[in-house]
Amino acid sequence: MNQYANMIRNLKSPEGMQRLKHLYGDRDGMLVEQTARYTGLLKRHEELFHEAEAEVMLISAPGRTEIGGNHTDHNRGRVLAAAVNLDTLSAVSARKDMEVHVYSDGYPPLILDLNELDVVESEKGTTAALIRGVAARMKALGYQIGGFNAAVTSSVASGSGLSSSAAFEVMVCAILDQLYNGFVIDFVNRAKIAQYAENVYFGKPSGLLDQMASSAGGLVTVDFRNDDPEVRAMSFDFAKYGYALVVVATGGSHADLTDDYAAIPAEMKQVAACFGEPYLRRVRPEEFYQALPQLRGKVSDRALLRAMHFFEEDERVVRQVSALDRNDLFAFMWEIICSGRSSYMYLQNVYANNRDQSLSLALAMAEHLLADKDGAWRIHGGGFAGTTLNFVPAAQLRHFIENMEAAFGAHCCHVLDIRPEGPAVVRL
């Protein structure tokens, strides 16, 4: 029996089933779905690479949901976030040279040489840039790198708002770490490596929230005040209290929105610069509000509104965490709603130049469906197009999904479970 057949057999063992439940939860149909997914990926790797010598491994990294702290991380603020049970998954084996061969579902085959680790301007915005960036940063930090063969599939759809790019970056870091270093990189440095690849090689000025949530796993609150973020693991089961976390993908396109995303941290930092600081977190809120009349004309009014959002949202995360610590769901849901309204009114990342107001409609529909049902709703992630996050009482879940899918299309709703583990090596 070759190693592929042996792995598929072990996947269906009690130990294999328990591992899948740990990573993906135990909703109806999950085991059938994931068993088929893992089996198909192993067969795909066998068809592509026919690996007979190197060990084939299964390495997964989760998407993430942002629960609190909308656009606060890039100005050294606080966030509440969680890894989710949607992931990017690879069947991978080491090569004897420095080439990387990646076959991802829905994308052209990719081959690149890790002997060349400089930024390639023409690669920006591509998968190749992310892989090269992760490898370059790992090597610069003293870690070993090498080539690999990978078949990849992902349930974190691009544009889903669950950070497919962070899941991919964290997975690549986990692959190189597992194959060539023995899986020794801690989750904070893994997140920083992934962010570096996205910022410098991919060309997107993201904060560290996405990579940190994917890398840490579970529900976490993170304070980015210092270069070494303070991460606190939390234990709260929304399902136990009768709530489902539902992300609604509205179908809005992220194309041509990079400038809109980049303007948010840039404008916040313009306000901070008026106080001689690089980040808003280093400015005292009372100092800002006292100086606000004099700031008009030095920066745009939108920058001032976005700064107001930052100060309020940063403190709102503290209140959200406190509410969960004392099991006060009413207070927590109210803070979620307030977060969404602040993003709408002050941060202004619900739509861009009137091009797409699908997020506005999804938020308005959620308020109509949940306002008197003890639910909550907010913008999710970067904004402008993409997704909303909703806390839906279990009794309202079917009605909520039916209404949202009628407006935004079948399968637009993703019911999420919090994944307790970040990047994982699934040993079979």
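Just so we're aligned: 51 in numbering that gives the first Met the number 0 is position 52 of the sequence shown, and the numbers increase by one with no gaps anywhere.
Every residue, glycine too, gets a C-beta built ideally from N, C-alpha and C.
Quantities reported herein were computed from a predicted structural model and do not represent experimental measurements.
For Pro392, the enclosing beta strand (DSSP E) begins and ends at 386–392.
By DSSP's assignment, Ser89 forms a beta bridge with Ile58, Val151. If you ignore the 5 residues before and after Leu304, its C-beta comes within less than 6 Å of the C-beta of Tyr345, all in its own chain and listed in chain order. DSSP places Glu50 in the coil class of the three-state scheme, outside both helix and strand. Around the beta carbon of Phe390, 16 or more other beta carbons sit within 10 angstroms, so the residue counts as buried. By a beta-carbon distance limit of 8 Å, Ala232 does not contact Gln210. Their separation comes to about 17 Å. Cβ neighbours of Asn69 within its own chain (closer than 7 Å, five residues either side excluded): Glu312, Ser338, Ser342, Leu346, Ile378. Going by C-alpha positions, Gly132 is about 13 Å away from Ser164. Each residue's CA atom was taken as its position, placing Ala90 and Ala53 some 12 Å apart. When beta bridges are read from the DSSP output, Glu98 appears opposite Asp112. Residue environment: Arg295 is assigned as exposed (fewer than 16 neighbouring CB atoms within 10 Å of its CB, all protein chains considered). Cβ atoms of Leu388 and Thr64 come within 8 Å of each other, at about 6 Å. The beta carbon of Leu116 lies closer than 8 Å to those of Arg131, Ala134, Ala135, Lys138 in the same chain, with the five residues before and after it left out.
Between Tyr142 and Asn84, the CB-CB gap reaches or exceeds 9 Å. Rounded to whole angstroms, Glu45 and Met307 show a C-alpha spacing of 54 Å.
By the 16-neighbour rule on beta-carbons within 10 angstroms, Asn326 is exposed.
Taking a cut-off of 8 Å on C-beta distances, the segment 93–100 does not touch the segment 224–238, as fewer than three cross pairs fall below it.
For Asp222, the secondary structure class from DSSP, reduced to helix, strand or coil, is strand. For Met233, the uninterrupted beta strand (DSSP E) segment begins and ends at 229–233.
When the five nearest sequence neighbours on each side are left out, the beta carbons in the same chain lying within less than 7 Å of the beta carbon of Gly24 are those of Asn84, Asp416, in order along the chain. In the displayed model, His21 falls within a helix according to three-state DSSP.
With a threshold of 16 other beta carbon atoms within 10 Å, Gly146 meets it and is buried.
Contact check for Arg77 against Phe223 passes: the beta carbons are separated by less than 9 Å. Rounded to the nearest angstrom, the Cβ distance from Val219 to Ala81 is 7 Å, consistent with a contact under 8 Å. Assignment of beta-bridge partners to Leu79 by DSSP yields Gly67, Thr220.
Taking a contact as a CB-CB distance under 8 Å, the pair Ile335 and Ala375 counts as one, their CB atoms being some 4 Å apart.
Note that the segment 20–40 touches the segment 0–10; at least 3 beta-carbon pairs, one per stretch, sit closer than 8 Å. Under DSSP, Trp376 shares a beta bridge with Asn389. In this structure, the straight-line span from the alpha carbon of Val31 to that of Ser153 is close to 17 Å.
A straight line joining the alpha-carbon of Ala330 with that of Gln319 spans about 8 Å. Contact between Leu328 and Tyr260 does not hold, since the beta-carbon distance rounds to 32 Å and is not under 8 Å. Between Asp236 and the set Leu396, Ala248, Asp324, Pro422, the nearest pair of CA atoms involves Asp324.
With a cutoff of 9 Å on beta-carbon distance, Leu57 and Leu88 are scored as near each other. Around the beta carbon of Asn148, 16 or more other beta carbons lie within 10 angstroms, which makes this residue buried. Taking the C-beta atoms as reference points, Gly62 is found no nearer than 9 Å to Gly124.
Measuring C-alpha to C-alpha distances from Phe274 to each of Ala302, Leu256, His413, Phe287 identifies Phe287 as the nearest.
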